[in-house]
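Counting from 0, one number per residue, gives the positions in the sequence shown under numbering that gives the first Met the number 0. We put the beta carbon where it would ideally sit given N, CA and C, even for glycine. Have a look at the structure below before the remarks.
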Amino acid sequence: MTLKLWIFLVGLSSIAFFSSCKVDPKTVDSCGDGIVDPGEACDQGEFGGVTCNALGFYGDEGSLSCGADCAFDVSGCGSFCGDGEVDTAYIEDCDGTNLNGSSCTSLGAVGGVLRCSEGCRYDLSECTSICGNGRVENEEACDDGDTAGGDGCSSACALE
C-alpha cells in the first residue's frame, strides 16, 4: 500500500468516525432554564447585561425583573420620559400632554400653543414670542432682556 493511499484511507475513516458523533444543538427554547435563548429578553435572573437605565429609565432607581414569559418586567424600574409624570429631579419640564401647569404666556410669550418635546422639554415653537424677555425665540436673532437699541440687539430683537 502506498503512503498516499494509506493517508487517504485514514482520512476517510476519520471522517466516518467523527460524523457518527453528533452534538445536537438546543432545538427548543426553554423559558425558565436560566439561559437567554433567541426570542427571550431574559430568563430567570439572567438579563444579558440589560438594566432599567439601559431601557431608558432614569438613574439607578428600581429593579428590572423577568416575567414568566421571559420578557422584561419593567414595573419596578421607576420613572422615564414619556410616562406622563413630570420628573423635575431629572430635569423634565413636561411629559407628554402634562405641561406641569405651564403655558406660552406663563413662559413669557404673548400666546400660542405650548407643546412638550419627545425629550420632555418645553417646545416653544408654536408660542408667539415677545421681544425683550431675555430668551431668543422663534424668529428673534437676539434677545438681551430689554427693548433698548444701540446695545447690539435692537428693540425688534435683531442684531445691530
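Please say whether Cys130 and Cys156 have beta carbons closer to each other than 7 Å? As a first step, residue 156 must be located in the sequence shown, where it is residue number 157. As a first step, residue 130 must be located in the sequence shown, where it is residue number 131. Judged by their CB atoms, Cys156 and Cys130 are nearer to each other than the 7 Å cut-off.
Do you know how far the Cα of Tyr89 is from the Cα of Tyr121? Indexing the sequence shown from 1 puts residue 121 at position 122. Indexing the sequence shown from 1 puts residue 89 at position 90. Roughly 14 Å separates the two Cα atoms.
Length of the line joining the Cα atoms of Asp142 and Phe56: Taking the sequence shown and counting its residues from 1, one reaches residue 142 at position 143. Taking the sequence shown and counting its residues from 1, one reaches residue 56 at position 57. Taken atom to atom, the span from the alpha-carbon of Asp142 to that of Phe56 is near 36 Å.
Which of the three DSSP states is assigned to Thr127 in this structure? Translated into positions along the sequence shown, residue 127 becomes position 128. Three-state result, Thr127: strand.
Does the distance from the C-beta atom of Phe71 to that of Ala40 stay below 7 Å? Counting from one through the sequence shown, the residue named residue 71 turns up at place 72. Counting from one through the sequence shown, the residue named residue 40 turns up at place 41. Cβ atoms of Phe71 and Ala40: closer than 7 Å.
Note down, in chain order, each residue of its chain lying with its Cβ closer than 6 Å to the Cβ of Ser13, except the 5 sequence neighbours on either side. If you number the sequence shown from 1, residue 13 lands on position 14. For Ser13, the predicted structure reports a pLDDT of 48, less than 50, and the residue's modelled location is therefore unreliable. A value from the coordinates is still provided. For Ser13, same chain residues with a beta-carbon under 6 Å away, outside a window of 5 residues either side, do not exist.
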